[in-house]
Amino acid sequence: MKQTDMNIFAQLESEVRSYCRSFPTVFTKAKGYKMWDESGKEYLDFFSGAGALNYGHNEDSMKEKLVNYIMSDGITHSLDMATQPKAEFLETFNEVILKPRNLEYKVMFPGPTGTNTVESALKLARKVTGRTDIISFTNGFHGMTIGSLSVTGNAFKRKGAGIPLQNVVTMPYDSFVNEGLDTLEYLERFLEDGGSGVDIPAAMILETVQGEGGINAASFEWLQRIEAICKRWGILLIVDDVQAGVGRTGTFFSFEKAGIKPDIVCMSKSIGGYGLPLAITLIRPDLDIWAPGEHNGTFRGNNHAFITATAALEFWKDPEFEHNIQKRSERIYSFLESIVEKYPEVKGEVRGRGYMVGIASVVEGLSEKIAAEAFNRGLIMETSGPKDEVFKLFPPLIIDDAGLEAGFEIIEASVKTALEAAEPVAN
């Protein structure tokens with residue numbers, strides 16, 4: 001087979017490309033938690049499409065149903081027209097996910113990406129309340145279009161907007177300053193005091209575990225108090241579950257163990273099951289005051305994704321699936337704690353929940369070096385945080401014990417090598 005010239009990407013693709021710089025090879029095949037490149041080198045995937053492949057690559061049941069649907073000339077594109085795959089997804093999602101969790105939401109299809117669902121949530125919150133402002137939180141990441149960027153904390157990404165990002169007030173996330181500062185007492189004081197300069201917002205938007213912002217996990221108590229504050233002031237609570245949802249943090253929705261019920265929930269990435277583009281916005285029924293066509297999008301009717309999304313929900317019919325996620329989550333967290341303990345030179349802190357975890361290091365550049373060394377050894381993982389200070393583990397939910405152990409070995413070897421390279425040479 002002819003080998004692809006990597007220079008083709010530098011010559012013809014925009015400089016904006018990023019992941020191919022971190023993982024400089026040409027991938028050709030993927031299955032489960034593994035990927036292979038042109039040379040046949042095998043990689044363990046602890047990246048999972050940035051959370052879009054929670055069920056791994058090319059899962060058999062989804063693939064079979066998708067191929068059969070395509071071969072039968074099923075509808076591909078339909079805007080928001082009624083189709084059988086859409087009806088089956090809506091019914092299955094309601095029966096398998098919403099009803100058992102005592103949740104009642106209307107489902108909106110805003111367009112196929114995470115930023116689409118966030119934009120629709122912000123727009124609806126403003127329409128419902130008649131208010132303009134949104135409260136977001138430090139280190140939050142919600143997407144790359146203008147509305148989503150306005151509630152995103154990352155300065156580098158915000159700068160790319162090229163215009164002022166307005167009508168948003170940023171408040172400190174849980175433990176943003178230090179463990180001793182009650183960030184919600186601070187927030188509520190702004191709402192109570194007419195001289196604070198902060199108007200009552202239409203909504204608050206947050207991730208229960210911040211992905212791109214550094215794998216910061218809010219405590220369940222903090223989330224419960226946020227919900228109470230929102231109810232007190234008539235503020236809508238939007239939870240962005242684009243990355244943290246669909247089992248990534250141990251339960252289907254990331255907020256389940258906190259016992260809260262957001263007014264609006266944003267989902268994308270793994271909701272499509274197979275890696276196909278799909279996003280949904282879950283809306284408390286009384287908030288669904290859209291006029292027909294008031295928010296739309298050409299590709300909100302991705303029937304191929306409805307097929308695989310419905311097939312993926314079969315996993316959640318078996319309670320053992322969620323139980324295994326939580327059991328292996330403890331194993332992953334324990335491994336990371338052991339790394340921090342065995343290698344104090346990392347100056348690390350374990351962060352996150354479920355299969356959305358990592359180690360934050362205050363040693364400048366160390367996490368990037370560990371991730372790069374892991375790639376050289378055949379494991380794909382990325383970094384996150386304002387300074388890429390966190391190397392994060394995002395294995396697919398279907399990974400087995402052997403896959404985890406193989407990944408752990410590579411990560412520990414990568415930590416050792418990165419630390420040795422950082423040691424000063426003796427005279």
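When you line the sequence shown up against our numbering, it's residues 1 to 427, in that order.
Note that beta-carbon positions come from the ideal geometry of N, C-alpha and C, so glycine has one too.
CA-to-CA, the gap between VAL168 and GLY40 works out to about 48 angstroms. Beta-bridge pairing by DSSP links ARG300 to no other residue.
If you ignore the 5 residues before and after GLY56, its C-beta comes within less than 7 angstroms of the C-beta of GLY32, TYR33, PRO396, ILE398, all in its own chain and listed in chain order.
Under the three-state reduction of DSSP output, LEU236 falls in the strand class. For ASP37, the enclosing beta strand (DSSP E) stretches over residues 34 to 37. For SER14, DSSP records no beta bridge to any residue. Taken in chain order, the whole beta strand (DSSP E) runs of length 3 or more contained in the stretch 338 to 421 are 348 to 353, 356 to 361, 382 to 384, 390 to 393. Separation of LEU236 and LYS342 (C-alpha to C-alpha, rounded to the nearest whole angstrom) is 44 angstroms. Restricting attention to SER14, LYS269, GLY162, LEU287, the CA atom closest to the CA of VAL128 is found in LEU287. Excluding five sequence positions before and after ALA244, the CB atoms of its chain that fall closer than 7 angstroms to its own CB belong to GLU207, THR208, VAL209, GLY211, SER254, MET356, given in chain order. With respect to THR145, THR115 sits close: the two C-beta atoms are nearer than 8 angstroms.
Counting only residues of its own chain and dropping the five nearest sequence neighbours on each side, GLU42 has a CB closer than 8 angstroms to the CB of LYS34, MET35, TRP36, GLY378. Annotation: GLY180 to ILE332 spans about 28 angstroms, alpha carbon to alpha carbon. Remark: three or more beta-carbon pairs, one from each stretch, lie closer than 8 angstroms, so the stretch 264 to 277 and the stretch 296 to 315 are flagged as touching. For the pair PHE46 and MET381, the CB atoms are nearer than the 8 angstroms cut-off. The continuous beta strand (DSSP E) containing ALA203 extends over residues 203 to 206. In this structure ILE289 is exposed. Its beta-carbon is surrounded by fewer than 16 other beta-carbon atoms within 10 angstroms. Around the beta carbon of TYR19, fewer than 16 other beta carbons lie within 10 angstroms, which makes this residue exposed.
With a threshold of 16 other beta carbon atoms within 10 Å, PHE156 falls short and is exposed. By alpha-carbon distance to GLY162, the top candidate from SER150, ARG189, THR28 is SER150.
In the three-state scheme derived from DSSP, where H, G and I count as helix and E and B as strand, ASN216 is classed as strand. For ALA30, the enclosing beta strand (DSSP E) starts and ends at 27 to 31. Looking from the CA of TRP316, the closest CA among VAL239, THR28, ASN54, GLY348 belongs to ASN54. In this chain, the beta strand (DSSP E) harbouring MET267 covers 264 to 267. The three-state reading of DSSP puts GLN210 in strand, counting E and B together.
Contact between the stretch 318 to 334 and the stretch 91 to 102 is not established, with fewer than three Cβ pairs separated by less than 8 angstroms. For LYS123, the uninterrupted alpha helix (DSSP H) segment begins and ends at 114 to 129.
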